[in-house]
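Everything in the sequence shown is counted per the working numbering, starting at 91 for the first residue and increasing by one. Just so it is clear, CB atoms sit at the ideal spot from N, CA and C, and this is done for glycine as well. As structure tokens, the structure follows; a few thoughts come after it.
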Amino acid sequence: MANMTTSDIARRLVQPGKGIMAADRPSPAFKELLAAGGSTVDEHSYRNWSQLLFRAPGLNDYISGIIMPDEQVRLRDEAGNSLLEQVIADGIIPGISPFTGMVKLAGSADETVGSGLDGLRERLAEYAGMGVGFTKWRAAFQIGAGTPSDYAIAANAYVMAQVAALSQEAGLVPIVEPEVMLWGEHTIETCFEITERVLARTFEALYLHRVELEGILVKASMVLSGNECPVQADVDTVAKQTVKVFRRQIPSAVPGIVFLSGGQSDCHATARLNAMNAQYDLPWALSFSYARALQRLPMALWSNQAENVPAAQAALQHRAKMNALAAVGLWTDALEDAAA
């Protein structure tokens with residue numbers, strides 16, 4: 091990303107009508123997911139899936155960036171061509187997830203914190219030299235009896251801020267991802283309260299680490315009823331509560347917020363994003379950074395069979411287009427029906 095500041099890159103990632111595809115599932119987790127769907131798994135499955143995603147026709151019409159794990163940024167096709175270089179040539183900004191997993195937070199019952207800080211400064215310098223433009227670091231907060239604790243929120247906020255500061259030092263845009271998880275019986279009101287606490291501590295830590303807010307993005311979860319809550323909030327309520335908590339806790343200096351799908355259905359993730367953009371005048375761009383909500387149907391159609399690649403790529407292009415429209419408030423149910 092030569093001659094581009096972090097604020098330049100951040101704005102390009104959330105340009106109108108485009109979003110980010112999260113493809114950062116490591117090979118072992120990908121193969122486990124593929125096998126769980128009944129598909130045959132072989133030594134080339136991960137490479138073939140990566141090629142399917144990155145070479146989907148017209149992907150760059152709707153996708154501004156792709157988040158990858160370390161293995162993927164080094165991946166080459168059967169002819170020895172770099173998939174990373176292909177992404178860059180298509181005008182898509184590659185991003186890296188330097189996160190190496192969750193570990194138990196010492197002194198807590200079962201809360202976690204992200205790992206992968208060892209040698210991070212050197213790794214980020216290498217990634218920047220390869221043409222990577224941004225990083226993404228995730229913290230996960232489960233709503234339960236007494237969780238998330240103030241301790242877990244503070245510990246994860248500190249780590250996210252450290253990574254953000256190191257990323258900007260390397261010229262990379264940090265995408266900060268404090269995920270409040272969907273799983274549980276909690277109400278949307280409880281989710282709002284937890285999300286507000288998490289965002290407040292996250293931005294406090296970013297300030298203390300002198301992170302330039304104009305050069306970051308936030309990858310956020312929507313304010314939702316828990317998946318087992320008997321009362322599920324409708325689309326407009328989700329939009330209202332999500333926008334309300336963002337207005338309270340996310341400064342307008344931040345260029346954009348991109349949503350994770352976090353277990354939502356494909357159409358719910360699209361409809362809720364669309365409602366926010368259609369109904370509210372907002373100080374930040376609101377877009378998407380979906381994994382499952384973009385790739386669920388394409389993976390099912392593909393099933394690790396070469397002859398299914400065109401159908402899987404068409405499904406990926408459709409979901410990317412639907413979410414790109416939602417990112418500017420122009421999606422409708424009728425567009426889904428027309429493609430069915």
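For residue i, which of helix, strand or coil comes out of DSSP?
{"i": "Arg291", "result": "helix"}
{"i": "Lys108", "result": "coil"}
{"i": "Arg164", "result": "coil"}
{"i": "Leu207", "result": "coil"}
{"i": "Trp273", "result": "coil"}
{"i": "Trp374", "result": "coil"}
{"i": "Tyr217", "result": "helix"}
{"i": "Gly352", "result": "coil"}
{"i": "Tyr152", "result": "coil"}
{"i": "Ser379", "result": "strand"}
{"i": "Met91", "result": "coil"}
{"i": "His408", "result": "helix"}
{"i": "Arg145", "result": "coil"}
{"i": "Gln339", "result": "helix"}
Are there 16 or more other CB atoms within 10 angstroms of the CB of residue i, so buried, or fewer, so exposed?
{"i": "Trp273", "result": "exposed"}
{"i": "Glu201", "result": "buried"}
{"i": "Glu267", "result": "buried"}
{"i": "Asp356", "result": "buried"}
{"i": "Lys194", "result": "exposed"}
{"i": "Ser377", "result": "buried"}
{"i": "His134", "result": "exposed"}
{"i": "Gln395", "result": "exposed"}
{"i": "Tyr380", "result": "buried"}
{"i": "Gln162", "result": "buried"}
{"i": "Tyr136", "result": "buried"}
{"i": "Asn93", "result": "exposed"}
{"i": "Pro238", "result": "buried"}
{"i": "Gln385", "result": "buried"}
{"i": "Val321", "result": "exposed"}
{"i": "Ile105", "result": "Checking the sequence shown, residue 105 turns out to be Gln, not Ile. With fewer than 16 Cβ atoms within 10 Å of its Cβ, Gln105 is classed as exposed."}
{"i": "Tyr152", "result": "buried"}
{"i": "Ser342", "result": "exposed"}
{"i": "Arg164", "result": "exposed"}
Leaving out the 5 sequence neighbours to the left and right, which residues in its chain are closer than 6 Å to residue i when beta-carbon positions are compared?
{"i": "Ser97", "result": "Glu304, Gly305"}
{"i": "Asn246", "result": "Val203, Ala229"}
{"i": "Ala405", "result": "Leu387, Pro388, Leu391"}
{"i": "Gln232", "result": "Met271"}
Between residue i and chain C, is the shortest Cβ-Cβ distance under 8 Å, so that the two count as touching?
{"i": "Ala365", "result": "Chain labels in this structure do not include chain C; a single protein chain is all it has."}
Excluding the five sequence neighbours on either side, which residues of its own chain have a C-beta within less than 8 Å of the C-beta of residue i, listed in chain order?
{"i": "Gly127", "result": "Met389, Ala390, Ser393"}
{"i": "Gln141", "result": "Asp167, Leu173"}
Would you list the residues sitting across from residue i in a DSSP beta bridge?
{"i": "Ser172", "result": "Arg166"}
{"i": "Met158", "result": "Ile186"}
{"i": "Thr237", "result": "Gly234"}
{"i": "Thr225", "result": "Ile186, Pro264"}
{"i": "Leu363", "result": "Leu363 is not bridged to any residue."}
{"i": "Gly191", "result": "Ser205"}
{"i": "Ile278", "result": "BP columns for Ile278 are empty, so no partner."}
{"i": "Val333", "result": "Paired residues: none, contrary to the question."}
{"i": "Lys309", "result": "Val348"}
In its own chain, which residues sit with a C-beta less than 7 Å from the C-beta of residue i, not counting the 5 before and 5 after it?
{"i": "Ser172", "result": "Arg166"}
(request) May I ask you to verify whether the stretch 404-420 touches the stretch 349-367, counting CB pairs closer than 8 Å and requiring at least 3? (result) yes
(message) Using 8 Å as the cut-off, can you tell me whether the stretch 241-259 makes contact with the stretch 209-224, which would need three or more C-beta pairs spanning the two stretches below that distance?
(response) Yes, the stretch 241-259 touches the stretch 209-224.
(message) Contact between the stretch 178-188 and the stretch 218-226 is defined here as three or more beta-carbon pairs at a separation below 8 Å; is this criterion met?
(response) yes
(request) Would you check if there are 3 or more beta carbon pairs closer than 8 Å linking the stretch 324-332 to the stretch 106-116? (result) no
(request) Give a yes or no on contact between the stretch 239-256 and the stretch 325-345, applying the rule of three or more CB pairs nearer than 8 Å. (result) no
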